[in-house]
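Per full-length UniProt numbering, residue 1 is the first one in the sequence shown, and the count goes up by one each step.
Even for Gly, the Cβ is constructed at its ideal location relative to N, Cα and C.
Since the model is a prediction, treat every value here as computed from it, not as a measurement.
Working notes, structure below.
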Amino acid sequence: MAILWPIDADPDSLEKKDGFADGFVLELVPTQTGVDWLLQPVDADAQQRITGSETDGPSAVAAAFQHLDDMAEKRRKERERMPDAPSPDSLI
1 MAILWPIDAD PDSLEKKDGF ADGFVLELVP TQTGVDWLLQ PVDADAQQRI
51 TGSETDGPSA VAAAFQHLDD MAEKRRKERE RMPDAPSPDS LI
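Right under this line is the structure:
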């Protein structure tokens, strides 16, 4: 399992935007026939996860990364439409 962040994100920040919550969890599970993969945004529920299966590890990572770019772009567009909400850091 790995947590991946966009290059411009700061995983040490608790900010909802461009912080830890901007990451994605990538899980790889070996099976008898190949490798199952799961990709889910850190701040999302199970309904937003994407899964797949490939014949080997490198193919599984490549397939997941194809979806990662799409998920990150979708998140950016959604945030552009949403008004800024107070961040968890500002509430401390």
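Quick check on DSSP: helix, strand or coil for residue i?
i     : result
Pro11 : coil
Leu91 : No answer about Leu91 holds up, because its pLDDT of 49 lies below 50 and its placement is not dependable.
Gln40 : strand
Where do the ends of the alpha helix (DSSP H) carrying residue i lie?
i     : result
Phe65 : 57–81
Quick check: the Cα distance between residue i and residue j, rounded to an integer number of angstroms?
i     : j     : result
Asp36 : Arg79 : 30 Å
Val42 : Phe20 : 8 Å
Let me know if residue i comes out buried or exposed under the rule of 16 or more other beta-carbons within 10 Å of its beta-carbon.
i     : result
Leu91 : Unreliable positioning characterises Leu91 in this predicted model, as indicated by a pLDDT of 49, which lies under 50. A coordinate reading is not provided.
Gly57 : exposed
Pro30 : exposed
First and last residue of the beta strand (DSSP E) that includes residue i?
i     : result
Thr51 : 50–54
Pro6  : That residue, Pro6, is in no beta strand (DSSP E); it is neither H nor E in DSSP.
Residues in the same chain with beta-carbon distance under 6 Å from residue i, minus the five sequence neighbours each way, listed in chain order, please.
i     : result
Glu27 : Met1, Leu38
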